[in-house]
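The block underneath contains the structure these notes are about, expressed in structure tokens.
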Amino acid sequence: MNGSRSHIEVLLAGISADDPDAFDAKIIQNNEDFQLKIVVSGENLATVRSTVDDLLACLGAIESTLNSIQ
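Written as structure tokens, this is what we have:
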């Protein structure tokens with residue numbers, strides 16, 4: 001995901017409380033844009049897929065909320 005630093009920080013804060021052992025997330029600056037990079041790890045593919053599904057749902061909800069208040 002790309003955007004302003006504050007936008008990306010909100011996204012990161014929204015997923016940080018999830019399952020911190022299942023993924024690593026960090027903010028990366030690319031010129032004037034910022035990106036949220038998420039690396040997911042798990043014992044098996046089903047676990048990784050479940051974590052990715054949860055993260056995408058959370059990020060989608062956060063994006064919708066941010067878009068509705070802007």
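Following the working numbering, the numbering of the sequence shown begins with 1 at its first residue and continues without gaps.
Every residue gets a Cβ at the ideal spot worked out from N, C-alpha and C, and that includes glycine.
Computed from a predicted model, the values in this text were never measured in an experiment.
For Asn67, the enclosing alpha helix (DSSP H) stretches over residues 45 to 69. Around the beta-carbon of Leu45, fewer than 16 other beta-carbon atoms lie within 10 Å, marking it exposed.
7 Å or more divides the Cβ of Leu59 from the Cβ of Leu12. Residue environment analysis places Leu56 among the exposed positions, since fewer than 16 neighbouring C-beta atoms fall within 10 angstroms of its C-beta. The closest CA to that of His7, considering only Glu43, Gln35, Asp53, Asp24, is found on Gln35.
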